[in-house]
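Numbering (the numbering used here), first residue to last: 254 to 415.
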């Protein structure tokens, strides 16, 4: 507006100046009240910073991302940390991706089960060399039930002859 010849007065309604850029604190951790980031591709922001002669005053930090759950702050700043994130196992991430793909494409999921999908290496030790057979039957059943529950939340499950 000022660039168009208008007089501009900015009022701050919060107790501290900063607006969307103001921080907040929990214990020893201080972070942005509202998520914001300046990317290299943000040409309009960079132009505004240059116009206000603030380019050199912008302090750049290496950014990291975290997720707070169950009283623990987990770093999720790269792919490996995301895949190791305890509340989101790799199988859950894969399943959620598959469910979204099915819903987006309008394709109902189809699952063909084999007896080894629910038998564990503890039940058939001679087959422990097969992929997935290193898990005991209890863990495989738990995983199977978790997968079926997730699918039931999104789709009607039917036998093949239905």
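Built from N, CA and C at the ideal position, the CB exists for glycine as well.
Please return the same chain residues whose Cβ sits closer than 8 Å to the Cβ of residue i, not counting the five positions on each side in sequence.
i, result
"residue 254", "261"
"residue 269", "275"
"residue 338", "320, 327 and 329"
"residue 304", "256"
Can you pull the DSSP bridge partners for residue i?
i, result
"residue 279", "282"
Exposed or buried, which one is residue i when buried takes at least 16 other CB atoms within 10 Å?
i, result
"residue 315", "exposed"
"residue 258", "exposed"
"residue 324", "exposed"
"residue 359", "exposed"
"residue 405", "exposed"
"residue 301", "exposed"
Does residue i come out as helix, strand or coil in the three-state DSSP assignment?
i, result
"residue 397", "helix"
"residue 319", "strand"
"residue 309", "helix"
"residue 370", "helix"
"residue 304", "helix"
"residue 263", "coil"
Could you name the residues of the same chain whose beta carbon sits closer than 6 Å to that of residue i, not counting the 5 residues immediately before and after it, in chain order?
i, result
"residue 417", "In the structure displayed, the chain extends from 254 to 415; residue 417 sits before or after that span and is not available."
"residue 386", "374 and 380"
Any beta carbon from chain B within less than 8 Å of residue i's own beta carbon?
i, result
"residue 308", "The structure shown contains no chain B, having only a single protein chain."
Who are the Cβ neighbours of residue i in its own chain at under 7 Å, not counting the five residues just before and after it?
i, result
"residue 375", "389 and 390"
Checklist line | Minimum length 3: unbroken beta strand (DSSP E) runs contained in the stretch 323 to 361 | finding: Assignment of beta strand (DSSP E) within the stretch 323 to 361, counting only whole runs of 3 or more residues, yields 325 to 328 in chain order.
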